[in-house]
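The block underneath contains the structure these notes are about, expressed in structure tokens.
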Amino acid sequence: MLERRFSTASRADAAGINPQGIPWLLLSLALAALLHIQHTPIWLNIALSGILLWRIMVFRGRFRLPQLWVKVILLLLGITLFIVSARGQFTIENAVGFFLLTYGLKLLETGSTRDAYLFVFMTLFLMPLGFLFDQSIFTTLFVFISLGFAFIALMGINGALERTSYFGAVKRAFGLFAWALPILVVAYIVFPRLGPIWSMPLNSTSAFTGLSESMMPGQVSNLAQSSERAFRADFDGPPPPSPTLYWRALAMDLFTAGQWSRSSQQRGIDESRMLPQTRLRRLGLDDQAIEAALSSPEFGYEILLDAHNRDWGFSLNASIPTSRQLSGQSSNRGGAVLQTLDGLIRFARPVKSPAAYRLQSLPFDEAAVEAQGRLQAAHIPGLPQVIALGATAGLELNDFHRRRLLQLPADGNPQTRAFAAELREKHEDQAAFIYDLLNHFRNEPYTYTLNPPVLEPDSNVDDFLFGARRGFCEHFASATAVILRAAGIPARIMTGYQGGEFNSTGGFLVVRQYDAHAWVEAWLEGIGWVRVDPTAAVSPLRIESGLRSAVAEEGSFLSNELSLSRFSGISALNWVSMRLEYTNYLWQKWVINYDQKTQQNLLSAFFGDVDIKQVGFIATGAIAGMIILIGLMQLFRGRRHLRAQDPVVRVYDRLLRRLRRAGADVSSSAITPRQLCGIMQSAGADPQTALAISQRLERLLYARRPQADEARARAQVNELRQLRGLLRKLTLQKTSTPN
Amino acid sequence: MQGSAPAELDSQRTGYFSSVVQRWVSRRLPPQSRIRLGHKNVFILPTRWGLMFLMTVVLVLIAGINYQNSMILATAFLFFAVFVVHIHMSFNNFAGLTVAFHDAEPAHAGEEALVNLTVCSTRAAGTDSGSGRGTPATGDRHVAIQLGWPASTASIRYQLIHTGLPSTDQAGEPGSESELQSTTLPIKCLRRGIQRAPRLLATSVYPLGLVRVWSWLDLDIEVLVYPRPIHGEANGADAESEGDSQPDRKLRQQQPVDFDGLRNYELGESRSRIAWKKYAQQGVLYTKLFSSESADPVWIDQAAYAGRDVELQMSNLCAEVLMRDQGHQPYGLRLGKWKLAPGLGPQHRQEALEALARYPELTPNA
């Protein structure tokens, strides 16, 4: 009978996989495909579904596994499709996709236990690759749960799921995880965080959404269809009001064929990255002032950046980074935080996983305040302010830079040029000119829309200004910059994000892709850099309360996307999404961004100053200790159960142990109290005591009464006490073992 | 499927281990009739799948380090932790199992002897008791443990006989402190005499198959092996009292005519000789007796087969014993200075065969 029970297991050895493993193998494939569905081609997912169906039919005995030639054809077909859809690019999506393809085909030829093991190991490698794209708490849960199913598959293949229900199997796998969790946590905390062993390019096509290097009208509005998060900002103090939150990222100075991009000179500026101190020194601050600026506690904030695979960061104007390294990027080579001459944040290399850096808003710039006062003189009531940015916003213009910032194509957009000249005629003062331009945008029938018409690149400013008059922020910004340049005012396009959603639960600001924005920065004589945002003149709502309200009438907000953000007008959903966002924020802040520096700080708090070598020792010790601890816990778990048991059984067990020590043969565990009497006597116990003990034991063990009867319960307790007394009196002698 | 290839006694232990390991194992695991698996006698090593799993862990770890990806690192740690817990679980599932040698049913050389073992869970001193929870995270105890003799030196994995204890969880019965299970393992006997069985292998890869726990159990199993029955012409056959020539004997065997009476059925007697009609009438089993059985006892004498190899003598004697037994003719056995008084029946046959198995180590009684 016993043998029969295992016959399935042995059958599995001989031919084919143990059928108990198969459903879980199929589930693993489905979950792996689901995890990567966003960044793998559609045909691959259809193919995987097909494979899954085929395999289910095989499992149910309807189909057979394919012949060799079918598999070869499928493989060749898959590879061909792959080469076509990958278009020769080696990106991480393509790599994962290719792996997924071979993985799916592997399932189709998985016929033996060996294949099944290999398939599970492939699953175990494929699942964590999902973290390359997203490390949020939800993805983590998804991946870990899927891994649980992969381990169930392993149990099934191994024949460890005999007579176990699906639920029982799940319980068993996650029981395994429950024991593994403490080791995982300790290892995560103490395992030394090393830099990359070698540099592996991680190119990605679609995995990262975000700003692009150039700005063509129509691009930002595409971005605005995404509710993906760009970054989070956590202010030490209360967050500044939303309309002042202009997150600068890229300055674009070259206008060609209707497109704004960075000229090589601008790139030069962007690349001449320097430490904040150096930069402040160049701006003319002395060491003391720099020290004061950096240590001023007032306006510190932290940016938790989502991976965007770019080397730029985001900052408010007049901010300097106080982190030298991105946290969450444990390598020394990876994440230097630097600042360009225009005050923009740059990193030593693209950010491929979530990272964080701190910034400090500089104390008030008196020159900027004075400049703002002068701008105020030209202000037209009802129009948004033109903001003086102060010295930190960019370079003092020399002739070279002036020419660069006045560059316009030799021809094109004649109407715009004429309009600029005409407007310039009216105003001697540059500030007044700008305000009049903004007034034009406000008074003429311009529409702020997410669905702007498509315009001819070479004449898009003319077409926009005097034709369609419908546009998104980049249309207004582009037109404004062209007009300013045509009127002889140096100007550039600035792209980044504007505003953000305040998460009141977590007290941080979430900036999403739909907050992407483009505006203009201009250089005014005697004033310096100013920020001009024509969008604010056309659609004040956009700046004050965000894109959602601005396009509410149009109903185009996130119209292509089904996401929680779209429905955040509903308060319950809003609350839920806020909570989720907050959870994720904490997750990223405390778990994902745990890196070499935080590790060292944490360990130093316990072990004094530690270097990387000592971290290694601590790690080894802690992990080894944890393993031993888990072992002991498992070992003593049962014993604890034993102790917690009935006191009578405990007494009985203790007696057995004493007898065993005395050399009596009590190894057969089915000893009745009556037999014990004889054994005790043969071990040299006084016959009367032995009899009394065995009688009491018998009564207590077998003549149980319900505990509810109080008098009897007390009698039982008494009897037990007597038994214990008797046991104390019991003397045993060492006997020779009779077996 | 069971006992796909019974172990051969003859392969002994030389093949499995080099002599050094062999000596170490025998020092470490001395023979005992009853062995409880525990810290002292259980070995644990990764299987090849375990090694491959560890390679996967390293790969994931490298990916995590190289891409500076916290959660990929965490996954590597999870795998590592699962491996560690697996070791503990495997051990806990295995340890506490007690295997005891009960008895071995004798067999003829060339046949399979059946070795009866008692398998029980003794957790009283160690890990588990009435709670019914054995290995962590499972309700089962001692599941998927394989017990048996390796069939050949080449493979110790696949040709094992499986055994295990029921999961108390599933069966719904409260886990008593020990559940006795008897299990029977066949073992191939090649040579006459008392054979010591090689070490039993108890092994398990529960639950994930990444780690193998095993123990070599020397349960001091001794199997009595009867000679292989080989018919042989006795020297001067005609001189013997029964005086039958071979064809006659065969004839007699085939036709045990002359019904002679009934006697009570004894366990072990041929069913074909049960008086079923009587059973139908009275409900009592009787064995039909035939005239030949009441004949004069014959002496089966080693001397009659003198001059040949001892093993062949024993084989011939054995064949004759079996023949007489089948023919229900009382017989006595004389082996040198030892003799067995004439008689009949299973008990008698067993005594005779045992003597044949033990020869020449017999106490002279004649």
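Going down the list, the protein sequences come from chains A and B.
Reminder that position 540 of the first sequence reads as 540 in this note's numbering, one-by-one numbering, no gaps.
Reminder that position 213 of the second sequence reads as 1213 in this note's numbering, one-by-one numbering, no gaps.
Where a beta carbon is used, it is the ideal one built from N, C-alpha and C, also for glycine.
For residue i, the three-state DSSP class (helix, strand or coil)
i: Asp1103 of chain B; result: strand
i: Thr1075 of chain B; result: helix
i: Ile630 of chain A; result: helix
i: Glu304 of chain A; result: In the sequence as displayed, the identity of residue 304 of chain A is Leu instead of Glu. Strand.
i: Asp270 of chain A; result: helix
i: His475 of chain A; result: helix
i: Val1205 of chain B; result: coil
i: Arg1191 of chain B; result: coil
i: Arg442 of chain A; result: helix
i: Asn1264 of chain B; result: strand
i: Glu501 of chain A; result: strand
i: Ala1341 of chain B; result: strand
i: Leu1200 of chain B; result: strand
i: Val1225 of chain B; result: strand
i: Ser165 of chain A; result: coil
i: Gly1332 of chain B; result: strand
i: Gln325 of chain A; result: strand
i: Arg403 of chain A; result: helix
i: His1088 of chain B; result: helix
Whole-number beta carbon distance between residue j and residue i, since they are thought to touch under 8 angstroms
i: Leu676 of chain A; j: Leu732 of chain A; result: No, Leu676 of chain A and Leu732 of chain A are not in contact; Cβ-Cβ is about 12 angstroms, not under 8 angstroms.
i: Ile483 of chain A; j: Ala420 of chain A; result: 4 angstroms
i: His979 of chain B; j: Gln634 of chain A; result: Because chain B is modelled from 1001 through 1366, residue 979 of chain B falls outside the range shown and cannot be assessed.
i: Glu525 of chain A; j: Gln430 of chain A; result: 6 angstroms
i: Gly390 of chain A; j: Gly284 of chain A; result: So it is not a contact: roughly 12 angstroms between Cβ atoms.
Backbone CA spacing between residue i and residue j [nearest angstrom]
i: His379 of chain A; j: Cys473 of chain A; result: 22 angstroms
i: Ile1274 of chain B; j: Arg1212 of chain B; result: 52 angstroms
i: Val717 of chain A; j: Pro687 of chain A; result: 24 angstroms
i: Val185 of chain A; j: Arg728 of chain A; result: 47 angstroms
i: Ser112 of chain A; j: Ile17 of chain A; result: 5 angstroms
i: Asp286 of chain A; j: Leu359 of chain A; result: 20 angstroms
i: Val981 of chain B; j: Gly1050 of chain B; result: In the structure displayed, chain B extends from 1001 to 1366; residue 981 of chain B sits before or after that span and is not available.
i: Pro1166 of chain B; j: Asp115 of chain A; result: Residue confidence is low: Pro1166 of chain B scores 41 on pLDDT, short of 50, so the model does not pin down where it sits. Its coordinate-derived value is still stated next. Approximately 30 angstroms between the Cα atoms of the pair.
i: Glu756 of chain A; j: Leu509 of chain A; result: This structure cannot settle anything about residue 756 of chain A, because the visible part of chain A is limited to 1 through 739.
i: Lys597 of chain A; j: Gln277 of chain A; result: 22 angstroms
i: Ile1072 of chain B; j: Ile1221 of chain B; result: 52 angstroms
i: Ala257 of chain A; j: Pro457 of chain A; result: 6 angstroms
i: Phe522 of chain A; j: Ile434 of chain A; result: The question names Phe, yet the displayed sequence has Ala at residue 522 of chain A. So the two alpha carbons sit approximately 10 angstroms from each other.
i: Ala249 of chain A; j: Ala622 of chain A; result: 43 angstroms
i: Lys1278 of chain B; j: Glu1311 of chain B; result: 44 angstroms
i: Thr392 of chain A; j: Thr340 of chain A; result: 10 angstroms
i: Gln1313 of chain B; j: Arg1358 of chain B; result: 13 angstroms
i: Asn1093 of chain B; j: Gly631 of chain A; result: 13 angstroms
i: Ser539 of chain A; j: Ser264 of chain A; result: 34 angstroms
i: Gly382 of chain A; j: Ser226 of chain A; result: 31 angstroms
i: Leu211 of chain A; j: Pro350 of chain A; result: 13 angstroms
i: Leu25 of chain A; j: Ala318 of chain A; result: 56 angstroms
i: Asn45 of chain A; j: Val96 of chain A; result: 13 angstroms
Partner residues on chain E for residue i, Cβ-Cβ distance less than 7 angstroms
i: Trp1149 of chain B; result: The question asks about chain E, but that chain is absent: this structure's protein chains are A and B.
Quick check on the DSSP output: what are the complete alpha helix (DSSP H) runs of length 4 or more inside the segment 31-86 of chain A, in order along the chain? 42-59 and 68-86
Give the residues from the segment 1059-1078 of chain B that approach chain A closer than 8 angstroms (Cβ to any Cβ), ordered along the chain. Leu1059, Val1060, Ile1062, Ala1063, Gly1064, Ile1065, Asn1066, Tyr1067, Gln1068, Asn1069, Ser1070, Met1071, Ile1072, Leu1073, Ala1074, Thr1075, Ala1076, Phe1077 and Leu1078
Below 7 angstroms between beta carbons is the criterion; list the residues of the segment 112-131 of chain A that meet it against any residue of chain B, in chain order. Tyr117, Phe121, Leu124, Phe125, Pro128 and Phe131
Between the segment 140-160 of chain A and chain B, which residues of the former have CB atoms less than 9 angstroms from a CB of the latter, in chain order? Thr140, Val143, Phe144, Leu147, Phe151, Leu154, Met155, Ile157, Asn158, Gly159 and Ala160
Just by C-beta distance, which residues in the segment 172-183 of chain A are closer than 9 angstroms to chain B? Arg172, Ala173, Phe174, Gly175, Leu176, Phe177, Ala178, Trp179, Ala180, Leu181, Pro182 and Ile183
Interfacial residues, the segment 619-631 of chain A to chain B, with Cβ spacing under 7 angstroms: Ile627, Ile630 and Gly631
Quick one, which residues of the segment 1192-1215 of chain B are near chain A if we go by CB-CB under 9 angstroms, in chain order? Val1205, Tyr1206, Pro1207, Leu1208, Gly1209 and Leu1210
Check each residue of the segment 594-621 of chain A: if its Cβ is closer than 9 angstroms to any Cβ of chain B, include it; give the result in chain order. Correct list: Tyr594 and Asp595.
What residues in the segment 341-361 of chain A have a beta carbon less than 7 angstroms from any beta carbon of chain B? Going along the segment 341-361 of chain A in chain order, one finds Lys352 and Ser353 with a Cβ nearer than 7 angstroms to chain B.
For the segment 1023-1043 of chain B, which residues have a CB atom closer than 9 angstroms to at least one CB atom of chain A, in sequence order? Ser1033, Arg1034 and Arg1036
Between the segment 1090-1116 of chain B and chain A, which residues of the former have a C-beta closer than 7 angstroms to a C-beta of the latter? Against chain A - using a Cβ distance shorter than 7 angstroms - the residues of the segment 1090-1116 of chain B are Asn1092.
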